[in-house]
Each structure stands twice: as structure tokens, then as C-alpha cells.
Ligand SMILES: Cc1ncc(COP(=O)(O)O)c(C=O)c1O
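In the working numbering, the protein residues as written are 1 to 417.
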């Protein structure tokens, strides 16, 4: 079956966070939303049918998973990642952020240090702070970029660059030792910068953690979105001793656009770590996933491979289109080519480095609603994150609006004669 990702589906008046809550978020109603990480595409038809069948049955009592759910997960991870899990290592959770919060409480005490790598998905910092743990930030670095040498007049900077972010391993180890870090929250692939970490990079981070008794939460929610030429490595597949210190967070929610159904599959090989995690979840009073979430997850992993392959081709097309547009039409910004995820990290420092000015410009002039860089930490200052998981026509509209607004700024800047 051929899926039509070009089809524009009106999401307004569906309680969509992205489309129906501009007012609550203090944003203009007419700003085109390309911010929160869900997609404007329908889920695979098999998922929709499974949900319809459940709805038609009409009884929505307490539900659990059976062998067929596990088989769907085994098939997915084996076929897509050449990785498999032992059944008893699975713990289900209503979301990855929920799992991370519980893992932070299970693995650390108040006041303990937890390391994250900014710029990064903002709930990481929130969860650490809200649980009264100490946040240690190992900033990711762009090779060759000493942040202050980018200026408005810098024309040498290319408008599209290969992803040049990397981990400062020396700082990573030094911070772990100096701050007595107990837990590291890894984002793999990394949101918002779009890195798909190589096995070598992951191993190096893992070995440092092993050396200093640091536990790892590996958030791999974006694992299914990897562009050609890149390969995602499931962190615990690297070595049994790394699996022993890792809480692996996965979910079908990004992959199949099921975030509103609240399912995450967490894998913990180490039985005592798993027990602590489960105890923490029990302590919060949570026990069972929703019947709709379970059905959708199983159907997606059973039947969704072809849909996902077509979607990946479509997203690759969106990305190529965007790169061309940036190169030809708005070369004053720099697109950092993502290796994975449907999120693209744009460097606006040459065009409009001031964050407050740019935030206003995006919403009021360009009339597009992106996630602005500082949300991801101070390392994101000067950047914007755009979500390209939308029909191409929507992406085109957004970028043309941006271009027009940028031209207006440029013409204002021209000296009067
Ligand atoms: C890295 C990362 N982790 C977790 C989530 C959210 O997961 P959940 O909705 O399951 O809490 C997101 C959503 O954007 C994400 O980018």
C-alpha cells in the first residue's frame, strides 16, 4: 500500500497541543506550528483498525499484555536493530519522561549529581531539578565553533553543514569525577541536534560511566528515525557490562505518531536495578497501561514496518528540500544536517543572534512557531528547532513565510539614500 504523506489533515479542534493551544502558550493564533515533536500524519492503517476494533467492542476495562505483544516487540527490535531482549527485562510505562523521572528517583538520592548533555530535550533538566538532584551539564560542542566568533557579517559560514556536534569526552569524564555524578541521561539519537551517535562514541561514554560507577538512562525514543548513511546502535547491545548499568527507554510514540496513547517500553537487564525502578513506579501508584495504547503499540510493531519505511523516504525528501531552500533562499542561516530524528537544528546567529528579538520575529513577522534554542539550555542560544514531520506543502509555506520576513528585516537594515 502506498501512503500519502502529502495529504494535509486539519488538526484544529482535535485538542492537539500543537494546533489548539496557541492562546494558552501565549502564542499568536495565526502562527504556523512546527514545534512540539509529534507528526501531522495519520498512523498506519493497521493501527487505526486495531483501535477501531477495540472501540467497537466498547468495553475498556483494566488490561495487560500477553505473549503476542511481546512477540511484536521482539520482531521489531530484532529486524530493525539486530537486538533482542529477555521478556522479564520489560517494564511498561505511560511515557518516556515518566520513566526517566522514576529512574532518577530510583537510582539517586536528593542532592546527587545527574549529568545531561545540552542542548538537549528540556524535560531532562526539568526532571532532574524537580526531583532536587544536582544538574551537571556536559555541553556538546560544535567542532571548530568557538561560540563568539560567529557574527552577522560572517559570510564564510556555509548555509548547510554536516552535523559537526560531538562529545567533549575529557570534560565528560572530568565532570563525572569532580561532581561525583551518579547517573547520566543519554539522548540517542539526540534531540535537538540530530546526532546519531556512533557505536564508538557510545562505547566511550559507556566505558567512562563503567569506570566511575555511573548508571545510564538511554532515551532512544527517536531510534527509528535515522537518515541514509547512519546507523542507530541500541546502547545495551554494545556489551553485557554496559547493559547491566543501563535503563533503556523506547516507545512507539514518536515512530508511529502515538504520543497521545501513552505507551513506553523500558528494558532493564539488571534485576536489582529493575526492581528498584518498579518499586518507584509502584510508589507513584501507577500500574496499568491503557487498552488503546497496548493495542496500538502491538499493531504498530507487527504491521508498521512498510509505513515507516515510506515515511522515512518522505522525511528524507523534506530534509533535502529544506536544505536546498536554505542554501538557495536564506543562506544567512545555517542548517546543521541531522543524522536522525525529524527535528532540524537551525543556527540563526549570523542573521539574528538575539534570542528575545528572534522569538518575537518568528512569531510576529514570520508567523511560524518553532521551539527556540534556549529552551534546550544556554547552549541553544541563537538556534531554533523546526519539526519537519509535516506535509511538504506545509514546510514550504513555513519557509516561504520565513524568507519573506527575513527579506523585510534585511531591507529595513539597508542604509537610506
Ligand atoms: C528525547 C525525547 N524523550 C522523550 C520524549 C517524550 O516522551 P514521552 O511522551 O513518552 O514522555 C520526547 C518527545 O519529544 C523526546 O524528544
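The beta-carbon is built from N, C-alpha and C at its ideal position, and this holds for glycine as well.
- Pairing residue 191 with residue 232 gives a Cβ-Cβ distance that is not under 9 Å.
- Taken from the Cβ of residue 284, every heavy atom of ligand 1 lies 8 Å or farther away.
- In terms of CA proximity to residue 62, 293 leads the group 44, 293 and 397.
- Non-local C-beta neighbours of residue 298 in its own chain, meaning closer than 7 Å and more than five positions away in sequence, comprise 68, 69 and 72, ordered along the chain.
- In this structure, the CA atom of residue 405 is about 8 Å from the CA atom of residue 361.
- Residue 64 sits in coil when the DSSP states are folded into three classes, being neither helix nor strand.
- Looking at the backbone, the Cα of residue 315 and that of residue 309 are separated by about 10 Å.
- With the rule of 3 Cβ pairs closer than 8 Å, the segment 310 to 330 does not count as touching the segment 262 to 274.
- DSSP, read as helix, strand or coil, puts residue 14 in coil.
- The count of Cβ pairs closer than 8 Å, one atom from the segment 355 to 372 and one from the segment 82 to 102, stays below three, leaving the stretches out of contact.
- Within the segment 152 to 238, the alpha helix (DSSP H) runs of at least 4 residues that lie entirely inside it are, in chain order, 169 to 178 and 199 to 211.
- At least 9 Å separates the beta-carbon of residue 36 from that of residue 257.
- Residue 253 has its CB nearer than 8 Å to a heavy atom of ligand 1.
- In the assembly as shown, residue 23 is an exposed residue. Its beta-carbon has fewer than 16 other beta-carbons within 10 Å.
- Residue pairing by DSSP places residue 325 opposite no residue, since no beta bridge is assigned to it.
- In this structure, residue 172 keeps its C-beta atom at 9 Å or more from the C-beta atom of residue 215.
- Remark: the shortest separation between the CB of residue 408 and any heavy atom of ligand 1 does not fall under 8 Å.
- Residue 55: member of the alpha helix (DSSP H) spanning 45 to 57, first to last residue.
- For residue 218 against residue 249, the beta-carbon gap comes to about 7 Å, under 8 Å, which counts as contact.
- In its chain, beyond the 5 residues on either side, 262 have a beta carbon closer than 6 Å to the beta carbon of residue 94.
- Per DSSP, the unbroken alpha helix (DSSP H) holding residue 255 starts and ends at 253 to 256.
- Sequence-distant partners of residue 134 (beyond 5 residues in either direction) whose C-beta falls short of 6 Å from its own C-beta, in its chain, are 113.
- Going by DSSP, residue 136 is part of the beta strand (DSSP E) stretching over 134 to 137.
- For residue 345, the pairing in a beta bridge is given by DSSP as 336 and 385.
- Secondary structure note for residue 281: it is in no beta strand (DSSP E), and the uninterrupted alpha helix (DSSP H) holding it is 271 to 283.
- Annotated three-state conformation of residue 113 is strand, per DSSP.
- Excluding its 5 nearest sequence neighbours in each direction, residue 340 has C-beta neighbours in its own chain below 7 Å: 189, 194, 196, 222, 225, 226, 227, 230 and 232, listed in chain order.
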